[in-house]
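**Q** A single structure is presented below for examination.
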Amino acid sequence: MDHLVHASSPEHALDEVRRAAGFLTVQETAALAPRVAVLDPGSVLVGRGVVLADDVVLYPGVVLETRGSGCVEVGAGARLGPGAVGVVADGGTVRIGAHAQIGPGAVTIIASQGADVVVGAGSRVLGGAQVEGPARIGDGAQVLGAVSVRDVVLDGGGTHAEPDPDRRGAVVKGAGRVHGARLAVGEVVAVGVGPWVVERQRAYHPGAADDPGAGAAADAGAAATGDVAVSQDAAWRSRNA
Numbered sequence: 005m006d007h008l009v010h011a012s013s014p015e016h017a018l019d020e021v022r023r024a025a026g027f028l029t030v031q032e033t034a035a036l037a038p039r040v041a042v043l044d045p046g047s048v049l050v051g052r053g054v055v056l057a058d059d060v061v062l063y064p065g066v067v068l069e070t071r072g073s074g075c076v077e078v079g080a081g082a083r084l085g086p087g088a089v090g091v092v093a094d095g096g097t098v099r100i101g102a103h104a105q106i107g108p109g110a111v112t113i114i115a116s117q118g119a120d121v122v123v124g125a126g127s128r129v130l131g132g133a134q135v136e137g138p139a140r141i142g143d144g145a146q147v148l149g150a151v152s153v154r155d156v157v158l159d160g161g162g163t164h165a166e167p168d169p170d171r172r173g174a175v176v177k178g179a180g181r182v183h184g185a186r187l188a189v190g191e192v193v194a195v196g197v198g199p200w201v202v203e204r205q206r207a208y209h210p211g212a213a214d215d216p217g218a219g220a221a222a223d224a225g226a227a228a229t230g231d232v233a234v235s236q237d238a239a240w241r242s243r244n245a
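So the mapping is simple: the numbering used here equals the position in the sequence shown, first residue as 1, plus 4.
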């Protein structure tokens, strides 16, 4: 009788539902700690094809789903949330670099077969953004606001904390769709009414002083953006472990 009661318990039923959908059970999710900070194991869904490096932070409501041959890899120290963050690898690969920020705010990242998504180290995707593969968001690059990007390449550079906007990773921000963009270091697309155009980030930061000595790391990050490419798996894992 005790076995029958246990087998029909809500906890057991929930575990079976999670397993059937390809996710870890609540107990398995909680067991990721302390290596991974899962703030609420009951509301976080982690697929069995997900690889999490040390010190990743998963806020409540985060969903990391893999379908078929899909794979999700999250680099060391990356933070996902707060907010409804959904990452889906449906036959493709999503790679999120070390210390990247996915959220706050609702964020959706989708990769499909032949359309992978790479989010570089120190980058930010937040505030309602949607990223659909193929997409390469370089180190320090940013996708901000209710924007939908697809088939984009945002070159890597310094992070948002870089004092010289000409050395920061590329940025897409605003509200709307940006498909097919290729942005260099220091460039930005501010989506709004009318067709989007490529501008210099300095136009939005007129008071920023030139700093010839700053951003050496940004140059290295821009050069390393290619290392994040899918064809160089070993280099990416080394940089984000």
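Note that CB positions come from ideal geometry on N, CA and C, so glycine has one too.
So, under 8 Å CB-CB, residue 95 and residue 116 are touching, yes? Tell me the CB distance rounded to an integer number of Å.
**A** That pair is a contact at about 6 Å.
**Q** Please go through the same chain and pick out, in chain order, the residues whose beta-carbon is closer than 6 Å to the beta-carbon of residue 112, but skip the five residues on each side of it.
**A** Closer than 6 Å at Cβ, skipping near neighbours: 90, 134.
**Q** Is it buried or exposed, residue 184, if we count other Cβ atoms within 10 angstroms and call 16 or more buried?
**A** Residue 184 is exposed by the Cβ-count criterion.
**Q** For a test of the three-state rule: what should DSSP assign to residue 1, helix, strand or coil?
**A** Lying before the first or after the last residue shown, residue 1 is absent from the chain, which here runs from 5 to 245.
**Q** Alpha carbon to alpha carbon, how far is residue 174 from residue 207?
**A** The alpha-carbon atoms of residue 174 and residue 207 are separated by roughly 13 Å.
**Q** Kindly give me the distance between the Cβ atoms of residue 161 and residue 144, rounded to whole angstroms, as I take these residues to be in contact under 8 Å.
**A** Right, their Cβ atoms sit about 5 Å apart.
**Q** Check the DSSP bridge columns for residue 183 and list the partner residues they point to.
**A** In DSSP, residue 183 forms a bridge with 154.
**Q** Please classify residue 24 as buried or exposed, where buried requires at least 16 neighbouring CB atoms within 10 angstroms.
**A** It is exposed - the Cβ of residue 24 has fewer than 16 other Cβ atoms within 10 Å.
**Q** By the three-class DSSP mapping on this structure, what secondary structure does residue 39 have?
**A** If DSSP states are grouped into helix, strand and coil, residue 39 belongs with coil.
**Q** Can you list, in chain order, the residues of its chain with a C-beta nearer than 6 Å to that of residue 126? Leave out the 5 residues immediately preceding and following it.
**A** For residue 126, where only same-chain residues beyond five positions count, the Cβ hits under 6 Å are 103, 143, 144, 163.
**Q** According to the neighbour-count rule (16 or more other Cβ atoms, all chains shown, within 10 Å of its Cβ), is residue 50 buried or exposed?
**A** When all chains shown are included, residue 50 counts as buried.
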